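Novice: The structure follows.
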Amino acid sequence: MLNILVIGNGQCGNRILDAINREAFGTKGRFAKYLSQQKYKSNVQTIAINTAVNDLKEMKFTKAKDRIHTPHLHGVGANRNVGKHVFEDNKTLIMKNIQDRGDFDVAFVITSASGGTGSSFTPLLIRELKEKCNYPIYALVVLPFREEGTLYLQNAAFCLKDLRESGADGIILADNQFLKQMGGNVESAYNGINDMIAKRLLFLMDALDSEMMMVTDLGDFKTVMSGGAGLATIGFYEAEAEMPIKSVIKNALSPEGMLFSTDAYQEASRSMIILKGDRKYMSIDEVSSEVEQLSSCVGQVFKGIIVRNDELPQALTVLTLESAVELENLYAIAVEAINYERQKKERVDSMKEVDRAFSQINGMDPSY
Amino acid sequence: MNHFGKTLTFMSLAVFLMLISAGGASGKILFNDTIDVGSGYQINNYFIEVADVIYSSEVATIYVYEGESKTPKYDKFLSVGDSFTFKVEGEDVKVNLVSVYSGLKGPAKLSITVTDSSFINTKTLGKVDGGHTNAVFPKTPVLDITKTVEPATMGVGDEVTIKVSVTNKGDGDAEKIIFSDPTPAKFVLQQTLIAPTGQTIITKGETRLVYVYTLKATEAGTFVLNPTTAIYSNNVGDELPQASSNSPTVVVEDSSRKANLDVTVSLDKYTVDRRGNLQGTIRMKNIGESSASGVKISLLVPAGLKYVDGDSSIEIISGVPTIYMESFGMQQEKEIAFRLKAVDEGTYTVSTQNYYSFNDGVNPNLQSASSTSMTNAIYVKEGKYDYLLEQPVYVYLVPLLLIGILAGWFFYKHRQYKF
Numbered sequence: 007m008l009n010i011l012v013i014g015n016g017q018c019g020n021r022i023l024d025a026i027n028r029e030a031f032g033t034k035g036r037f038a039k040y041l042s043q044q045k046y047k048s049n050v051q052t053i054a055i056n057t058a059v060n061d062l063k064e065m066k067f068t069k070a071k072d073r074i075h076t077p078h079l080h081g082v083g084a085n086r087n088v089g090k091h092v093f094e095d096n097k098t099l100i101m102k103n104i105q106d107r108g109d110f111d112v113a114f115v116i117t118s119a120s121g122g123t124g125s126s127f128t129p130l131l132i133r134e135l136k137e138k139c140n141y142p143i144y145a146l147v148v149l150p151f152r153e154e155g156t157l158y159l160q161n162a163a164f165c166l167k168d169l170r171e172s173g174a175d176g177i178i179l180a181d182n183q184f185l186k187q188m189g190g191n192v193e194s195a196y197n198g199i200n201d202m203i204a205k206r207l208l209f210l211m212d213a214l215d216s217e218m219m220m221v222t223d224l225g226d227f228k229t230v231m232s233g234g235a236g237l238a239t240i241g242f243y244e245a246e247a248e249m250p251i252k253s254v255i256k257n258a259l260s261p262e263g264m265l266f267s268t269d270a271y272q273e274a275s276r277s278m279i280i281l282k283g284d285r286k287y288m289s290i291d292e293v294s295s296e297v298e299q300l301s302s303c304v305g306q307v308f309k310g311i312i313v314r315n316d317e318l319p320q321a322l323t324v325l326t327l328e329s330a331v332e333l334e335n336l337y338a339i340a341v342e343a344i345n346y347e348r349q350k351k352e353r354v355d356s357m358k359e360v361d362r363a364f365s366q367i368n369g370m371d372p373s374y
Numbered sequence: 439m440n441h442f443g444k445t446l447t448f449m450s451l452a453v454f455l456m457l458i459s460a461g462g463a464s465g466k467i468l469f470n471d472t473i474d475v476g477s478g479y480q481i482n483n484y485f486i487e488v489a490d491v492i493y494s495s496e497v498a499t500i501y502v503y504e505g506e507s508k509t510p511k512y513d514k515f516l517s518v519g520d521s522f523t524f525k526v527e528g529e530d531v532k533v534n535l536v537s538v539y540s541g542l543k544g545p546a547k548l549s550i551t552v553t554d555s556s557f558i559n560t561k562t563l564g565k566v567d568g569g570h571t572n573a574v575f576p577k578t579p580v581l582d583i584t585k586t587v588e589p590a591t592m593g594v595g596d597e598v599t600i601k602v603s604v605t606n607k608g609d610g611d612a613e614k615i616i617f618s619d620p621t622p623a624k625f626v627l628q629q630t631l632i633a634p635t636g637q638t639i640i641t642k643g644e645t646r647l648v649y650v651y652t653l654k655a656t657e658a659g660t661f662v663l664n665p666t667t668a669i670y671s672n673n674v675g676d677e678l679p680q681a682s683s684n685s686p687t688v689v690v691e692d693s694s695r696k697a698n699l700d701v702t703v704s705l706d707k708y709t710v711d712r713r714g715n716l717q718g719t720i721r722m723k724n725i726g727e728s729s730a731s732g733v734k735i736s737l738l739v740p741a742g743l744k745y746v747d748g749d750s751s752i753e754i755i756s757g758v759p760t761i762y763m764e765s766f767g768m769q770q771e772k773e774i775a776f777r778l779k780a781v782d783e784g785t786y787t788v789s790t791q792n793y794y795s796f797n798d799g800v801n802p803n804l805q806s807a808s809s810t811s812m813t814n815a816i817y818v819k820e821g822k823y824d825y826l827l828e829q830p831v832y833v834y835l836v837p838l839l840l841i842g843i844l845a846g847w848f849f850y851k852h853r854q855y856k857f
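Protein chains in written order, with this note's numbering: chain C, 7 to 374; chain L, 439 to 857.
Set out below in structure tokens:
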């Protein structure tokens, strides 16, 4: 049995973590936590960290003991510099809480790249963990809507950069901009994105610790994640009716099945495909055909098959990317955002001349 | 032997002669002495007078007067040794001229015997000097007492005047009269205008008002007053039979003004399931002619029912729902609502104990009154879900245990996730 640590940083990380814990109960009912047990295959420890206590309070399926509040007003206000200071102030508390839980085989740190707490805490936390622990640590980073604002774009750009430099063993990208194709209102869109990420991560953790017809394990996952540019994304598809496994795989590799916009056949460096479902769907020919097609473009493709009687076929793909056009687009916008913010700051500085104008009448009174 | 027989015969003869001799004495000797001419001897209403003595002839004239009659009833001329007998109150009185003596008053010695002396009044017995005119004969006064009331019909608190008059209808004065006139029950003596003091005398034929006083009636009813009595004596000190007056009747009508609190207690229904509620109403009305004060109504709820709540005028005093009002005017009405809960099956009644006071306008003190009221029978029957309570204990324990475990589990999980 694997020992897995999942940390959710900031509001976005907390919500995805809570979604994972909720999905682990196997039912979405509000009484799930009272009436059922979490169905983790592995020994999964979850920790939510936040500077905003309200974000921690709104979590419903994560135990209180697994929520760490690092007090700083009600958040750091999207200011990564402040967030970094707060982390340094609370580093001992956070690390003690993690280390008290023992050793792990793998850790996932979930965060938004654009917010304050998550984007500033996560690189520093991973750095600390890498210094003190020996297990691989993967960051699952949610990129912002492009129209969310310049501060968020700026944060996302610097956060990703910091993560690359933190020593993380891999960065799994999920893009709100790409996932907003799901439609619906803001709340349902966010919840839908959180659920998608939670479902994929649970599938992955389940697969890494399951007996398989064809085996993929943590070692394979590490190998996949070590390929490419250190960036990865996850694709997933779950058949809603009987369908050939070939179609399920294709859907999982299609842009619609991905957390981040990418062309799997063009941009992936290594890949892992995990299939789950009733034996009758697992046509080896179809599976081999799809794997071969992908491996001809990507190179190495690890594949695993989990047989679950009476279940419709599902497919999870993990792709590490050699290149990411969408990420380059993001950075291009981020650069503009950074420049915009700098110019605005300069404009604010120039406003001090206005103050000087006002200062000319200091000590004078009007005469009538 | 013959000597003894002779002695016995002689003694028997002697006894016989003694008995004969005793029979000739005619009973008790009242007098055996001399009486001067013109004097005599009185036996009750009779007077034996020595009218004349002729020493030389050894004769004497004896008159016997009855009462104050100046004409002797008997006029006897007796020689020494002669006697005559006459009747006094049925008894024979025998007068025997024993001897006569010479002298101006030439006394005669008389022996007077009577067959039975029990009838003789010792106060009118004995030698009387001076003859018949000096004898004192006993009179018989008769007191006729009349008691009147005015008015004979009255109200409570009103006064009645009692007058007692007495008439001596006898032939002599009534002396040493002692009147007795007890105050009747339910009346209070108000004023005494005339009353006898000590012993008094009412002469023959006299009519006198001996009592005049007023009484106050304290209670309604028809009362027969006790008779006024008198004990008295005649001129010689004989105590005569007690005289009694008539017994007048006084009717005292109830003129007081009372408060009369009419209290009823009723319920909205008289058949109720166990644990069901009953809505009750206490209705009060003063139908009397006076205001009530210090009104206290205690609602007595039986053990099978339970008092839940009621109007603000109901207070719980020593566990008893109680209504207290300082005053409750004439014709005033009030309704007070309360709620009961049926606790146990059974048949019950709810009652009230009502206490109040009032001023009846007669008595200086407040009068107290009390009454009780009661509902019809209330039937508390088995509740709709009572059968649940009749199950064995384990029937409840198991679900309760499960609920407890579930509640504990929910609480534990809630605490686990409460941040």
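Yeah, the Cβ is synthetic: ideal placement off N, Cα and C, and Gly gets one too.
Treat the numbers as computed from the prediction; the structure is a model and nothing was measured.
#1: If you count every other CB in all the chains shown that lies within 10 Å of the CB of residue 716 of chain L, and 16 or more means buried, which is it?
#2: Which residues of the region 66-85 of chain C have a Cβ closer than 9 Å to any Cβ of chain L? Give them in chain order.
#3: Going by beta carbon distance, what residues of the same chain come within less than 6 Å of residue 156 of chain C, once the five residues before and after it are set aside?
#4: Taking the C-alpha atoms as reference points, what is the distance between residue 208 of chain C and residue 59 of chain C?
#5: Counting only Cβ pairs nearer than 7 Å, list the residues of chain L close to residue 62 of chain C.
#6: From this set, L/728, L/567 and L/605, which residue's C-alpha is nearest residue 800 of chain L's C-alpha?
#7: Tell me the DSSP secondary structure of residue 484 of chain L in three-state form.
#8: Residue 339 of chain C to residue 89 of chain C, Cα distance in whole Å?
#9: Would residue 118 of chain C and residue 148 of chain C be called neighbours here (beta carbons separated by less than 7 Å)?
#10: Check whether the region 666-674 of chain L and the region 601-612 of chain L touch, using three or more Cβ-Cβ pairs below 8 Å as the test.
#11: For the beta strand (DSSP E) containing residue 653 of chain L, list its first residue and its last residue.
#12: How many Å lie between residue 701 of chain L and residue 660 of chain L at the Cα?
#13: Does the CB of residue 308 of chain C have a neighbour CB from chain L at under 7 Å?
#14: Taking DSSP as the reference, what is the three-state secondary structure of residue 301 of chain C?
#15: Quick one: give me the first and last residue of the alpha helix (DSSP H) that residue 227 of chain C is part of.
#16: Below 8 Å on the Cβ atoms is my contact criterion, and I expect residue 566 of chain L with residue 491 of chain L to pass it. Report the Cβ-Cβ distance as a whole number of Å.
#17: Helix, strand or coil: how does DSSP classify residue 263 of chain C here?
#18: When you compare the CB of residue 849 of chain L with every CB in chain C, is at least one pair closer than 7 Å?
#19: Please classify residue 824 of chain L as buried or exposed, where buried requires at least 16 other C-beta atoms within 10 Å of its C-beta.
#20: Strictly under 7 Å for the Cβ-Cβ distance: is residue 40 of chain C near chain L by that measure?
#21: In whole angstroms, give me the CA-to-CA distance for residue 596 of chain L and residue 636 of chain L.
#22: Let me know the secondary structure DSSP gives residue 511 of chain L once reduced to three states.
#23: On the DSSP letters alone, give me the boundaries of the beta strand (DSSP E) that residue 759 of chain L sits inside.
#24: Check residue 97 of chain C in the structure and name its three-state DSSP category.
#25: DSSP state of residue 212 of chain C, grouped into three classes?
#26: If you drop the 5 nearest sequence neighbours on each side, which residues of the same chain put their C-beta closer than 6 Å to that of residue 200 of chain C?
#27: Please state if the CB of residue 76 of chain C and the CB of residue 96 of chain C are separated by a distance shorter than 7 Å.
#28: Short of 6 Å in beta carbon distance, which residues of its chain neighbour residue 276 of chain C, apart from the five on each side in sequence? Order them along the chain.
#29: When the Cα atoms are used, what is the spatial distance from residue 706 of chain L to residue 761 of chain L?
#30: Is it right to say residue 463 of chain L is buried, meaning 16 or more other beta carbons lie within 10 angstroms of its own, or is it exposed?
#31: Locate the beta strand (DSSP E) running through residue 791 of chain L, then write down its first and last residues.
#32: Please check if any C-beta of chain C sits within less than 7 Å of the C-beta of residue 717 of chain L.
#33: Can you list, in chain order, the residues of its chain with a C-beta nearer than 7 Å to that of residue 772 of chain L? Leave out the 5 residues immediately preceding and following it.
#34: Three-state secondary structure (DSSP) at residue 856 of chain L?
Specialist: By the coordinates alone:
#1: buried
#2: Listed by position, the residues of the region 66-85 of chain C near chain L (Cβ gap below 9 Å) are 66, 67, 68, 69, 70, 71, 73 and 75.
#3: 343, 346 and 347
#4: 26 Å
#5: 857
#6: The shortest C-alpha separation from residue 800 of chain L is found at L/728.
#7: Note: residue 484 of chain L maps to strand in three-state DSSP.
#8: 23 Å
#9: yes
#10: Result yes; three or more Cβ-Cβ pairs closer than 8 Å.
#11: 645-655
#12: 31 Å
#13: no
#14: Residue 301 of chain C falls in the helix class under three-state DSSP.
#15: 224-232
#16: Their Cβ separation, rounded to whole angstroms, is 17 Å, which puts residue 566 of chain L and residue 491 of chain L out of contact at 8 Å.
#17: helix
#18: no
#19: exposed
#20: yes
#21: Cα to Cα, residue 596 of chain L sits roughly 30 Å from residue 636 of chain L.
#22: coil
#23: 758-766
#24: helix
#25: helix
#26: 21, 22 and 25
#27: yes
#28: 230, 233, 306 and 326
#29: Near 20 Å, if we compare the C-alpha coordinates of residue 761 of chain L and residue 706 of chain L.
#30: Residue placement at residue 463 of chain L is poorly supported in this model, since its pLDDT is 41, which falls under 50; the coordinates are not used for a value here.
#31: 789-796
#32: no
#33: Result list for residue 772 of chain L: 722, in chain order.
#34: coil
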